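At position 4 of the sequence shown (counting the first as 1) the number is 4 in my numbering, and the numbers step up by one without a gap. Backbone N, C-alpha and C fix where the C-beta goes; we use that ideal spot for every residue, glycine too. Computed from a predicted model, the values in this text were never measured in an experiment. Report on one structure; see the data block that follows.
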Amino acid sequence: MSTDLRITFDLLGNMATKYGYIAEDAETCGRAAPTELDGGIAQATILDLIRSQNEDLGLFASRARRIEDNLRALIVAQLETEENVAGAFETLKQELQHG
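Laid out in structure tokens, this is it:
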């Protein structure tokens, strides 16, 4: 049994939008983290962990944005390819009719 995989523009657009939301959430989470606290003896360790998490979230958000951008570029490239193919067939049709 076999099947064809069909990836639609809607699917790619939805994936890009979701990666955009993921990136936005990661950025928001990092900005919302405390920058100071009263943690007693563990204060330096806790703040270091928070800073490390913020850096990781920033990298994650950056990667999610790149994936979003790549998916949107894929949609644009596919649309341009379809237009080029449609244009080529139209030109061929006209040449056959007038040739």
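Taking the CA atoms as reference points, residue 20 sits about 6 Å from residue 65. The segment 48 to 72 is shown to contain no whole alpha helix (DSSP H) run of 4 or more residues. Counting of Cβ neighbours within 10 angstroms places residue 16 among the buried residues, the total reaching 16 or more.
With contacts defined by Cβ atoms closer than 7 Å, residue 73 and residue 23 do not form a contacting pair. Look at residue 7 here: in three-state DSSP terms it is coil, with no helix or strand label.
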